[in-house]
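Heads up: the structure comes next, in structure tokens.
Written out as structure tokens, the structure reads:
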């Protein structure tokens with residue numbers, strides 16, 4: 006049976022409610038007034054979306070759960086070197102169906118303007134050599150796309166290395182597998198990561214696909230709930246969405262965290278909004294309110310229905326914090342999010358004036374010396390060269406490798422692709438450019454009505470851990486200048 010159409014909210018209900026101390030100066034009168042026609046149109050669209058989602062879930066046998074499972078990860082190959090897990094380069098096909106805005110344009114123009122990861126010279130060579138095909142057939146660079154065209158782009162894919170720390174299983178029964186995810190490891194294939202993701206690594210080790218219940222950020226470590234059946238995953242995911250699950254995290258923040266109330270509790274309830282969708286950066290408090298105000302301003306030609314979406318920009322959120330201990334420089338804090346917004350703990354700690362110490366996205370200033378290399382983990386003098394890149398191919402004797410450890414040199418020579426810029430320039434194997442590999446945020450415990458799972462706390466959360474010693478000796482800033490608590 007199709008779900009009933011959602012109740013149309015009253016005009017007064019469209020006014021945004023902001024908690025005191027987090028932008029209560031937003032006047033209720035600024036909410037846009039919707040006409041009856043716009044309200045009915047909005048209700049019809051929401052009901053139509055709900056019916057489509059329900060039909061899709063029923064077709065996939067997912068019930069009320071968005072499934073993500075890896076069915077056949079056995080062909081994944083890894084090499085462990087210097088505590089890093091290297092996924093071997095591999096072939097991967099990107100597919101797309103021609104969109105309306107592509108009709109009448111050449112295939113070279115579409116790829117150069119729609120897909121910015123590669124240069125025009127690369128796309129030209131890829132089309133000429135048959136790496137890019139239309140309807141399974143090679144085409145010329147002047148081919149004009151039309152309705153119904155199916156495009157395929159075969160690439161030589163490299164993935165950044167991740168931590169080689171083992172994924173430990175803390176609990177397993179007939180339906181649930183509880184693991185402790187190492188930091189730097191994404192939950193599922195996304196961006197440049199595919200084989201170096203938690204689901205693929207577990208699938209390789211266990212020879213079975215698992216179903217996700219929730220997600221952790223790539224930089225966050227700790228407890229992850231996985232299920233063996235979609236039915237069990239749907240059950241647990243429903244409990245998390247309805248706020249029936251208590252989640253406890255540990256974080257190490259700069260400075261001495263406040264004592265809080267008589268129970269030692271500090272509550273952050275500032276609403277959160279997305280500042281930049283391209284990088285997923287969130288803001289809260291007054292900055293989030295300003296984003297909502299800016300979005301709500303009427304523009305010429307803007308429909309009432311579009312302006313009415315402004316109240317969905319601000320997301321109500323609440324996190325409860327309690328200091329565990331202080332080492333004279335940084336504090337370990339127990340974090341209990343009451344809602345599940347993106348980067349909620351990280352952005353709330355920054356809003357309070359006590360950011361996670363090594364979180365570069367949200368105010369952290371300390372960068373640990375064991376940051377992962379962005380493209381490898383090999384000595385800086387490791388080089389790859391080819392006498393004639395245009396004529397080289399996989400296993401060509403003109404390919405020369407120098408400065409590489411023996412365990413990785415075979416990967417370079419056996420998987421070399423002359424059209425791949427990362428293979429040709431050797432940039433994948435250069436560790437000069439480093440990126441953040443982890444932050445001091447750890448999922449410690451998840452508890453439901455009749456179940457509770459936990460994992461071991463990380464080393465950095467122990468009372469004897471010296472946060473100063475764990476950081477780079479190049480740290481020059483004065484931490485006292487950034488530890489002033491923001492007026493709430």
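Residue numbers (the working numbering): 6 to 493.
Glycine included, each C-beta is placed from N, C-alpha and C at the ideal position.
Quick check: what's the CA-CA separation for residue 86 versus residue 208?
If you take the alpha carbons of residue 86 and residue 208, they lie about 21 angstroms apart.
- Query: Where does residue 192 sit, in a helix, a strand or coil, going by DSSP?
  - Reply: Shown here, residue 192 sits in coil according to DSSP, grouped into three states, outside any helix or strand.
Contacts around residue 132, its chain only, beta-carbon distance under 6 angstroms, and the 5 residues preceding and following it disregarded: Once the five neighbours on either side are set aside, the close Cβ partners of residue 132 are 146.
Between 360, 177, 110, 143, which lies nearest to residue 458 when the distance is taken from Cα to Cα?
-> When 360, 177, 110, 143 are compared, the shortest CA-CA separation from residue 458 is found for 177.
Here's the rule: buried if 16 or more other CB atoms are within 10 angstroms of the residue's CB, otherwise exposed. What is residue 171?
Exposed: under 16 other Cβ atoms inside 10 Å.
**Asked** DSSP state of residue 462, grouped into three classes?
**Response** Looking at residue 462 - three-state DSSP - the assignment turns out to be coil, as it is neither helix nor strand.
query: Rounded to the nearest angstrom, how far is the Cβ of residue 226 from that of residue 169, given a contact under 8 angstroms?
result: The pair is not a contact, with the Cβ atoms about 14 angstroms apart (cut-off 8 angstroms).
Open item on the list: Just to confirm, is the Cβ distance from residue 425 to residue 93 under 7 angstroms?
Closed with: Taking 7 angstroms as the cut-off, the beta carbon of residue 425 is found no closer than this to the beta carbon of residue 93.
Requested in this report: Classify residue 227 as helix, strand or coil using the three-state DSSP reduction.
Outcome: Secondary structure at residue 227: strand, using DSSP grouped into helix, strand and coil.
message = Helix, strand or coil for residue 114? Go by DSSP, reduced to three states.
response = DSSP, read as helix, strand or coil, puts residue 114 in helix.
Query raised in the report: What residue range is occupied by the uninterrupted beta strand (DSSP E) comprising residue 255?
Result: Where residue 255 is concerned, the enclosing beta strand (DSSP E) stretches over 251 to 259.
Worksheet item: In this structure, does DSSP put residue 474 in helix, strand or coil?
Response: Residue 474: coil per DSSP, three-state reduction.
Item to complete: Check the C-beta distance from residue 262 over to residue 336 and give it rounded, since I have them as a contact under 8 angstroms.
Response: 4 angstroms between Cβ atoms; contact.
Handout entry: Bridge-paired residues (DSSP) for residue 494
Key = The structure shown does not extend to residue 494, since the chain is modelled only from 6 through 493, so no value can be given for it.
Can you list, in chain order, the residues of its chain whose CB lies under 7 angstroms from that of residue 223, leaving out five sequence neighbours each side? Cβ neighbours of residue 223 beyond the five flanking positions: 189, 190, 191.
Exercise. Take residue 174 as the anchor and find which of 467, 230, 356, 243 has the nearest alpha-carbon.
Key: Of the candidates 467, 230, 356, 243, the one whose C-alpha sits nearest the C-alpha of residue 174 is 230.
Look up residue 281 in the DSSP assignment and give the residues it is bridged to.
According to DSSP, which records beta bridges pairwise, residue 281 is partnered with 286.
- Query: Looking at C-alpha atoms only, which residue of 429, 365, 325 is the closest neighbour of residue 444?
  - Reply: Its Cα nearest to that of residue 444, the residue 365 stands out among 429, 365, 325.
If contacts are defined as beta-carbon pairs under 8 angstroms, then residue 288 and residue 323 qualify, I think. What distance do you get, rounded to the angstrom?
Under the criterion of beta carbons closer than 8 angstroms, residue 288 and residue 323 do not qualify as touching, at roughly 16 angstroms.
Same chain, Cβ closer than 7 angstroms to residue 256, neighbours up to 5 away in sequence not counted: Counting only Cβ-Cβ distances below 7 angstroms, and skipping sequence neighbours, we find 338, 340, 350, 354, 361, 445, 446.
| task | Taking only the alpha-carbon atoms, compute the straight-line gap between residue 152 and residue 54 and give it to the nearest angstrom. | result | Straight-line Cα distance between these residues: approximately 25 angstroms.
Query - Per DSSP, the bridge partner or partners of residue 329 - result: DSSP lists no partner for residue 329.
What residue range is occupied by the uninterrupted alpha helix (DSSP H) comprising residue 243? Going by DSSP, residue 243 is part of the alpha helix (DSSP H) stretching over 235 to 246.
So what does residue 341 bridge to, in DSSP terms?
In the DSSP output, where bridge partners are listed per residue, residue 341 has 325.
Write down the C-beta distance between residue 181 and residue 150 rounded to the nearest angstrom, noting that I regard them as a contact closer than 8 angstroms. 47 angstroms between Cβ atoms; not a contact.
- Between the CA atoms of residue 119 and residue 106 - distance to the nearest angstrom: Straight-line Cα distance between these residues: approximately 10 angstroms.
- Is DSSP giving residue 197 helix, strand or coil here? Residue state, collapsed to three classes: coil.
What span of residues does the alpha helix (DSSP H) with residue 205 cover, start to end?
-> It spans 203 to 211 - the alpha helix (DSSP H) in which residue 205 sits, taken as one unbroken run.
> So the beta strand (DSSP E) residue 91 belongs to, where does it begin and stop?
Replying inline: 89 to 92 is the extent of the beta strand (DSSP E) around residue 91.
- Item | Residue range of the beta strand (DSSP E) that includes residue 86 | That run of the beta strand (DSSP E) goes 83 to 86.
Compare the Cα-Cα distances from residue 462 to each of 329, 334, 40 and report the closest residue. When the alpha-carbon of residue 462 is set against those of 329, 334, 40, the nearest one is in 329.
- request: Report yes if the CB atom of residue 197 is closer than 7 angstroms to the CB atom of residue 165, and no otherwise.
  value: For the pair residue 197 and residue 165, the CB atoms are nearer than the 7 angstroms cut-off.
Between which residues of its own chain and residue 81 is the CB-CB distance below 6 angstroms, once the five residues before and five after are set aside?
Result list for residue 81: 200, 205, 209, in chain order.
- Just the Cα atoms here: how many angstroms apart are residue 346 and residue 265? Straight-line measurement puts the Cα of residue 265 at about 23 angstroms from the Cα of residue 346.
Would you mind working out which of 342, 252, 284, 216 sits nearest residue 325, comparing C-alpha positions? With distances taken between Cα atoms, residue 325 lies closest to 342.
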